[in-house]
Each structure stands twice: as structure tokens, then as C-alpha cells.
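Asks: Have a look at this one before I ask anything.
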Amino acid sequence: KCECGISLMKAKLQIINAELGMRFGRKVIHSMSSRIKSYDSIAAKLKRKELPENPQAVREHINDMVGIRAVCTYTDDLYQIAEMLCAQKDMRLLKKKDYIKKPKKSGYRSLHLIFLVPISFQAEVYWIKMEVQLRTAAMDYWAGLDYQLQYKKENCEAKNIGRELKEYANAIQQIDSKMLELRKWIEAI
369 KCECGISLMK
379 AKLQIINAEL
389 GMRFGRKVIH
399 SMSSRIKSYD
409 SIAAKLKRKE
419 LPENPQAVRE
429 HINDMVGIRA
439 VCTYTDDLYQ
449 IAEMLCAQKD
459 MRLLKKKDYI
469 KKPKKSGYRS
479 LHLIFLVPIS
489 FQAEVYWIKM
499 EVQLRTAAMD
509 YWAGLDYQLQ
519 YKKENCEAKN
529 IGRELKEYAN
539 AIQQIDSKML
549 ELRKWIEAI
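Quick note: the sequence shown, position 161, residue 529 per our numbering, numbers continuous.
Written as C-alpha cells, this is what we have:
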């Protein structure tokens, strides 16, 4: 069922990309990736949340078991895609977390949308939760580096590393803003 959900969401994103591509005359989504959270990762998240390790807790409290990430060039594209996804009549938005307008303390930026998506399977309809992450290439680059360096944050230099990464996140946000301004300037010519 999860793989079917991923296929459905990828198809929706590809259609949105084609529509926006025709409208703007440029590619909007540059890459997509997906994943199904591993059992160990789900168990660790339940433990962090001090929840029991059972199917009901997973259904009620794990929103990102199935996820898709779409990477774009410009921040306004992220919001355009989010708006078009939310307008889909066959799925329901459960939660929106805008870490672009309100970044995490670490500097992490991304737009997260949690949807309830219907999957028809063997004459039944199952509703699964899916997280869609929308990022610029710069945000994705930073998040990848942050993830790689997580284990190193445990040492005595953790605060310094965290401060440095946050500075880089701010610099990346400034670059994203400047690239958007440049694109708008070029479009106005």
C-alpha cells in the first residue's frame, strides 16, 4: 500500500511539474525522492515520543512513515506546488509545517505537508498518511550536510558545530532569496 501511495503522489507531482513548466517556461521540480521509514526508525521515534510500540501508536502518531521530497530552484515554486497539492480533491491535508517562514532552531528549512491519501487495493480503500517535503536545492544541500554531521554533534564541540551550521543555513536562505530576486528581475526584462 505504501508503494502505491508513493506512485500516486509522484504522479501528482509530475503533473503539477508539467503544468507549472508550461506556465513558466522552465523546469520547476528538479528532483524527487521517496522512502518508507524502516521499522527501526519508527520504533526509535515512538521511543523518543514515549509511546508504545504498536500499530495503533504508529497510525495515530507517526506522520512521516511514507515520504516524498521534491526539490526545486526557487522558494515561490515550493508554495505554488503546495497550493496545487492542497487543491487536490481526492486527498486531505492533515498538517502543514512551514519551516521556511519559521525555521527550526538548527536552521533547518523546508515545507512539510502531511496528507491522508486514498489507496484502492483489492477492492478496499485504505487511507495512508504521507509526508511531502518541498525544498530548494540549497535547503536540500544544507539538510544533507546536517544529517551527515549529526553524529559528530555529540562531542564537546557540539554547540560550536550547531552555531556554524545555523550560520550556513542563514547564508543559504540569503542565497535562495537573491536567486528568486534575480529570476524575477530577468522575467521583468
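By construction, the Cβ of each residue, glycine as well, lies at the ideal position given by its N, Cα and C atoms.
All figures in this text were calculated on a predicted structure; none of them were measured in a lab.
Using a beta-carbon distance below 7 Å, is K380 in contact with chain D?
Replies: Absent from the structure: chain D. Only one protein chain is present.
Asks: Quick check on the DSSP output: the beta strand (DSSP E) that includes R460 runs from which residue to which?
Replies: Taken as a continuous stretch (DSSP letters only), the beta strand (DSSP E) holding R460 covers R460 to D466.
Asks: Have a look at G389 and Y494 and give me their C-alpha separation to the nearest angstrom.
Replies: So the alpha carbons of these two residues sit roughly 32 Å apart.
Asks: How would you write the range of the beta strand (DSSP E) that R416 sits in, first residue to last?
Replies: Per DSSP, R416 belongs to no beta strand (DSSP E); it is in the alpha helix (DSSP H), Y407 to R416.
Asks: I'd like the list of long-range same chain contacts for C440, defined as Cβ closer than 8 Å, with 5 residues on each side in sequence excluded.
Replies: Excluding positions up to five away in sequence, the list reads V396, I397, H398, L446, I449, L502, R503, T504 and A505.
Asks: Return the first residue and the last residue of the alpha helix (DSSP H) that T443 is part of.
Replies: Note, T443: alpha helix (DSSP H), T443 to C454.
Asks: Between the Cα of Y467 and the Cα atoms of L479, N431, E421 and Q541, which residue gives the shortest distance?
Replies: For the residues L479, N431, E421 and Q541, the minimum Cα distance to Y467 belongs to L479.
Asks: Classify E499 as buried or exposed, calling it buried when 16 or more other Cβ atoms lie within 10 Å of its own Cβ.
Replies: Counting Cβ neighbours within 10 Å, E499 comes out buried, since at least 16 surround it.
Asks: Apart from the five residues on each side of it in sequence, which residues of its chain come closer than 6 Å, Cβ to Cβ, to A537?
Replies: These residues qualify, in order along the chain: G475 and W510.
Asks: Using a Cβ-Cβ cutoff of less than 7 Å, which residues in the same chain neighbour R394 once the five nearest sequence positions on both sides are dropped?
Replies: Closer than 7 Å at Cβ, skipping near neighbours: no residue.
Asks: Please list the segments of the alpha helix (DSSP H) lying wholly inside the segment 488-536, counting only runs of 4 or more residues, in order along the chain.
Replies: Here the runs fully enclosed are 505-517.
Asks: Is DSSP giving M547 helix, strand or coil here?
Replies: Residue state, collapsed to three classes: helix.
Asks: Checking 7 Å against the spacing of the C-beta atoms, do I404 and C370 come in under that value?
Replies: Yes; because the gap between Cβ atoms is below 7 Å, this pair is in contact.
Asks: Which residues in the same chain have their Cβ closer than 7 Å to the Cβ of D458, if we skip the five residues on either side of it in sequence?
Replies: Contacts found: P486.
Asks: With DSSP as the reference, label M433 as helix, strand or coil.
Replies: Of the three classes helix, strand and coil, the one that applies to M433 here is coil, per DSSP.
Asks: Rounded to the nearest angstrom, how far is the Cβ of L419 from that of A412, given a contact under 8 Å?
Replies: Not really, about 11 Å apart at Cβ, beyond 8 Å.
Asks: Which residues in the same chain as M377 place their Cβ atom closer than 7 Å to its Cβ, once the five residues preceding and following it in sequence are excluded?
Replies: I436, V485, M498 and V500.
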